[in-house]
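Residue numbers (our numbering), protein chains in the order written: chain A, 1 to 249; chain B, 1 to 602.
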């Protein structure tokens, strides 16, 4: 079974994000870019499935500018077998990415697509779900435990009330949550090996996908600064304030 | 979000823009590499250092290794970090492919190591010592010794140490008293006491292999009678199986000011049980074998000092940006908000001083690492020879100057923190304590000064010294032809000619037989040469920064980065380089204030 793992290039989780002075977005120039942490977990899970003999090949795929190759290389240095880059400088929305991934999935015919549940840059949490609908495959989202059987997966999902276990027939789309595993670091020998692993490059047009953005960003601003709180003398005052000023009770 | 411990932008600047790491990949030894593999290695080093080394830097200081029922107990985070370091392939990164290495250039390996040194110098010391011991075995071990000792070291299973110092023989290695007797079985039995042995005993590794300097019975006195032995904690059979415990026994722990994560031990050899050692390299050539690796080890110590200074600089920079205190002199309204202290002139002074010391030294440290590569792999014989000479003369400087001046940076980092800097709630006091070791070990700075003035300056008929001056003058000339940097170029050329005149005056004294006077003020000579070398590195950086800054498409952060490089260069030339004039004058006067002091006069 092949596993397709989409990986996204995002501003590194340890960087303090700054809004661009002209309000058109966040500053990404000269900022450390890394693989989205949820995608790392997806890669790690794919590697473990391969090590356990449940998968034969892992394909890392990324959509975006040419620099996304670095992110694919990171996946290859962790142990993925080969890469696919859908190269475009157009800012991609989740639906466009889902359509591109669908086209890649139709070429590659994977048995399983493992994605991060969301990306830390815009927190959309949409791509996996859209991809599943476009492909007409079953989906399991926010997965914190995954068992892959011959014809289905059994996935434990983190939901508000606790844990939910679902089964999905293969091929399936699975989006992973933080607690699924702890991703490994790339190693120097694997970095060297990764150099020799192929990365195939497509343009969206070649895949027959229109990626034109549908959302217009008017402006990006920093969140409002939180003002200092006030001390109240007793519970009665607190309740009164919550009722009359905050109007939350 | 943790406090930054290294500046990835500066790493990129020095590695690629200043030192052209990429061109190394054109050489056959590094042909498998390119910029991508270098950057990927740096990135893994950065993430590992941040996640698994920085995380317990304070904990291993507060809970230093201790003796529990005769065994050394070390907090578990240390071994976890070293195992991850080893699994990522860093132990063997620079080694030949045949030994499982990646043939990474030394330059890139040193840049990777810098991240770990900045994050946790106490933990990285164990791999550092192991890699040094493996290098030594690689150069002088027999094939059997390499298979039995070096290979498991490179796999992270065995750790290594260096055992030189004895209670009566610290700086004076020629007085080493540990004895080695050749047995009928062809193996040696060692007896003696070693002290200040870092990583000398613990339970983290399957085995520890000590490289021990000892004197074979009947050998000549002095340094030329010392031989090198591999002494494993557990004996190792021909097929690599672990045998019984060897008679190399922990006699006590040393409780240090800093660097506490690295256990420092007193070790007895052959006291209760016999201590078996194997000769490494030729008889009576032990010191030469050990010193074969000394350039690399001393660059390593210099880099450790630099990275502690660097981490302190970044911590104090972060603090100065976030701590508000007082108002600027022109603001008289006490109701106005306080200003972040980075707005105060005196804080900026202390930040800029630190920046000039640590970034200047960082460039010099990596420049020397690049010389290690050039010495072995430069395409032309002349290139290799010149790199070797430059490396020889710069080694005492790159060890000693940063260990004095990046320690000074740590002092300023504490000062910027005010009272908080003196508490254990902020990292800067530990940086200072950790860094205080560096002027002392791997040859004290006093020894380095004697090495520079007494040996390196006149070695190969002064060729290394001339070569260094030539390189400095090339940079000075280039700058002097550029209007914006011409005064700096002229200043560096003058300082260099001052150094030449000073050296000639000292040599004249030596040639008249005044050897004591010639060497008496060597420490100042090293400081003068160090300041000039750092000024040279700054001018190189400034020349480059000015070229890069001309690019109109630069981002605002890059623009600020290059402007910062130019400002720090100007600072160093205005505030620090002029000190060399007074140093030169003092040295040329062959001042005897210190030399003529007598014991009773103190």
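Where is the CB? At the ideal position from N, CA and C, for every residue including glycine.
field: Close beta carbons around residue 88(B), own chain, < 7 Å, minus the five adjacent residues each side
entry: Along the second chain, one-based indexing puts residue 88(B) at 88. Hits under 7 Å: 44 and 48.
- prompt: Going by the CB atoms, is the gap between residue 194(B) and residue 163(B) shorter than 9 Å?
  reply: Sequence index remark: in the second chain, residue 163(B) carries index 163 (1-based). Sequence index remark: in the second chain, residue 194(B) carries index 194 (1-based). Cβ distance < 9 Å, so residue 163(B) and residue 194(B) count as in contact.
task: Could you tell me whether the region 32-44 of chain B touches the region 330-345 of chain B, using the rule of 3 or more Cβ pairs below 8 Å?
output: With the cut-off at 8 Å, the region 32-44 of chain B and the region 330-345 of chain B do not touch.
task: Measure the C-alpha to C-alpha separation of residue 14(A) and residue 546(B) and round it to an integer number of angstroms.
output: The residue you call residue 14(A) lines up with position 14 of the first chain. The residue you call residue 546(B) lines up with position 546 of the second chain. For residue 14(A) and residue 546(B), the distance between alpha carbons rounds to 30 Å.
field: Residue span of the alpha helix (DSSP H) that contains residue 415(B), given as start and end
entry: One-based indexing of the second chain puts residue 415(B) at position 415. Where residue 415(B) is concerned, the enclosing alpha helix (DSSP H) stretches over 381-417.
- request: Out of 462(B), 555(B), 590(B) and 206(B), point me to the one whose CA is closest to residue 515(B)'s CA.
  value: On the second chain, position 515 is the one that residue 515(B) refers to. It is 590(B).
message: If distances are taken between C-alpha atoms only, which option among 466(B), 125(B), 216(B) and 136(B) comes closest to residue 78(B)?
response: Residue mapping note: residue 78(B) aligns to position 78 of the second chain, counting from 1. Nearest option by C-alpha distance: 125(B).
- request: Whole angstroms is fine: what's the gap from residue 23(B)'s alpha carbon to residue 513(B)'s?
  value: As a working note, residue 23(B) is residue 23 in the second chain. As a working note, residue 513(B) is residue 513 in the second chain. Going from the Cα of residue 23(B) to the Cα of residue 513(B) covers about 48 Å.
Residues near residue 154(A) by beta carbon distance below 7 Å, same chain, minus five either side: Numbered from 1 along the first chain, position 154 holds the residue referred to as residue 154(A). Here the set comprises 147, 165 and 167.
message: Could you check whether the region 64-80 of chain B touches the region 428-448 of chain B, counting it as contact only if at least three pairs of C-beta atoms, one from each stretch, sit closer than 8 Å?
response: no
task: Leaving out five residues on either side along the sequence, give the residues of the same chain with a beta carbon under 7 Å from the beta carbon of residue 203(B).
output: Working through the second chain from its first residue, we reach residue 203(B) at position 203. Only 71 and 72 meet the Cβ criterion.
field: Simplified DSSP state of residue 1(B), which is helix, strand or coil
entry: Counting from one through the second chain, the residue named residue 1(B) turns up at place 1. A caution first: residue 1(B) carries a pLDDT of 47, below 50, which makes its placement in the model too unreliable to give a value.
- prompt: Among all the DSSP beta bridges, which residues are the ones paired with residue 112(B)?
  reply: The residue labelled residue 112(B) in the question sits at position 112 within the second chain. Looking at the DSSP assignment, residue 112(B) forms no beta bridge with any residue, so it has no partner.
- request: On a CA-only basis, which of 215(A), 39(A), 30(A) and 20(A) is nearest residue 6(A)? Give me that one, please.
  value: Translated into positions along the first chain, residue 6(A) becomes position 6. Out of 215(A), 39(A), 30(A) and 20(A), 39(A) has the C-alpha closest to the C-alpha of residue 6(A).
query: Can you give the beta carbon distance from residue 91(B) to residue 130(B), rounded, assuming they're within the 8 Å contact cut?
result: Looking up residue 91(B) in the second chain gives position 91. Looking up residue 130(B) in the second chain gives position 130. Yes, they are in contact, since the Cβ atoms of residue 91(B) and residue 130(B) sit about 7 Å apart, within 8 Å.
- prompt: In chain A, which residues lie less than 9 Å from residue 8(B) when you measure between Cβ atoms?
  reply: As a first step, residue 8(B) must be located in the second chain, where it is residue number 8. Ordered by position in chain A, the residues that pass the 9 Å Cβ test against residue 8(B) are 32.
message: Using 8 Å as the cut-off, can you tell me whether the region 49-57 of chain B makes contact with the region 234-250 of chain B, which would need three or more C-beta pairs spanning the two stretches below that distance?
response: no
query: In or out: residue 160(B) buried (at least 16 other Cβ within 10 Å) or exposed?
result: The residue given as residue 160(B) occupies position 160 in the second chain. Buried, since its Cβ has 16 or more Cβ neighbours within 10 Å.
C-beta neighbour in chain A for residue 48(B), strict 9 Å: Working through the second chain from its first residue, we reach residue 48(B) at position 48. It does; some Cβ of chain A falls within 9 Å.
- request: Verify the CB distance criterion: does residue 89(B) have a CB-CB separation below 9 Å to chain A?
  value: As a first step, residue 89(B) must be located in the second chain, where it is residue number 89. The Cβ of residue 89(B) sits closer than 9 Å to at least one Cβ of chain A.
query: Given that residue 558(B) touches chain A, what residues does it touch there, using C-beta distances under 7 Å?
result: Position 558 of the second chain, counted from the start, is the residue given in the question as residue 558(B). Those within 7 Å of residue 558(B) in chain A are 30.
- prompt: Since residue 358(B) meets chain A, which of its residues come closer than 8 Å, beta carbon to beta carbon?
  reply: For this step, residue 358(B) is matched to residue 358 along the second chain. Residues of chain A passing the Cβ test: none, with the nearest at roughly 21 Å.
Proximity to residue 196(A) [Cα-Cα], best of 53(A), 135(A), 80(A) and 144(A): The count along the first chain starts at 1 and reaches residue 196(A) at position 196. Comparing Cα positions, the closest option is 80(A).
query: Leaving out five residues before and five after residue 260(B) in sequence, what residues of the same chain have Cβ atoms less than 7 Å from its Cβ?
result: The residue you call residue 260(B) lines up with position 260 of the second chain. Excluding residues within five positions, the ones whose Cβ falls inside 7 Å are 60, 61, 64 and 122.
field: Beta-bridge pairing of residue 202(A) - partner residues as DSSP gives them
entry: Position 202 of the first chain, counted from the start, is the residue given in the question as residue 202(A). Residue 202(A) is bridged to 86(A).
message: Please list, in chain order, the chain A residues whose beta carbon lies closer than 9 Å to that of residue 555(B).
response: Counting from 1 along the second chain, the entry for residue 555(B) is found at position 555. In chain order: 27, 29 and 30.
- prompt: DSSP on residue 497(B), reduced to helix/strand/coil?
  reply: On the second chain, position 497 is the one that residue 497(B) refers to. It is helical.
query: beta strand (DSSP E) containing residue 58(A): first to last residue?
result: Here the question's residue 58(A) lines up with position 58 in the first chain. Note, residue 58(A): beta strand (DSSP E), 57-64.
message: Quick check on residue 70(A) - is its C-beta less than 9 Å from some C-beta in chain B?
response: Against the first chain, residue 70(A) aligns to sequence position 70. By this cut-off, residue 70(A) is an interface position.
- request: Express the C-alpha separation of residue 120(A) and residue 1(B) in angstroms, rounding to a whole number.
  value: In the second chain, residue 1(B) corresponds to position 1, counting from 1. In the first chain, residue 120(A) corresponds to position 120, counting from 1. Residue confidence is low: residue 1(B) scores 47 on pLDDT, short of 50, so the model does not pin down where it sits. No coordinate-derived value is stated.
task: Count the other C-beta atoms from every protein chain shown that fall within 10 angstroms of the C-beta of residue 215(A), then say buried if there are 16 or more, exposed otherwise.
output: In the first chain, residue 215(A) corresponds to position 215, counting from 1. Per the 10 Å Cβ criterion, exposed.
query: When the Cα atoms are used, what is the spatial distance from residue 105(A) to residue 70(A)?
result: Against the first chain, residue 105(A) aligns to sequence position 105. Against the first chain, residue 70(A) aligns to sequence position 70. Whole-angstrom Cα-Cα distance: 21 Å.
message: Judging by CA-CA distance, which residue of 9(A), 134(A) and 31(A) is the nearest neighbour of residue 18(A)?
response: Translated into the one-based positions of the first chain, residue 18(A) becomes position 18. Measuring from the Cα of residue 18(A), the nearest candidate turns out to be 31(A).
- request: Tell me whether residue 229(B) sits in a helix, a strand or coil according to DSSP, three-state version.
  value: Indexing the second chain from 1 puts residue 229(B) at position 229. The answer is strand: DSSP assigns residue 229(B) an E or B state.
message: Under 9 Å, Cβ to Cβ, is there at least one residue of chain A near residue 40(B)?
response: Residue numbering aside, residue 40(B) sits at position 40 when the second chain is read from its first letter. It does; some Cβ of chain A falls within 9 Å.
- prompt: If we ignore side chains and look at the alpha-carbon of each, how far apart do residue 491(B) and residue 532(B) end up?
  reply: In the second chain, residue 491(B) corresponds to position 491, counting from 1. In the second chain, residue 532(B) corresponds to position 532, counting from 1. Using only the alpha carbons, I get a separation of about 10 Å.
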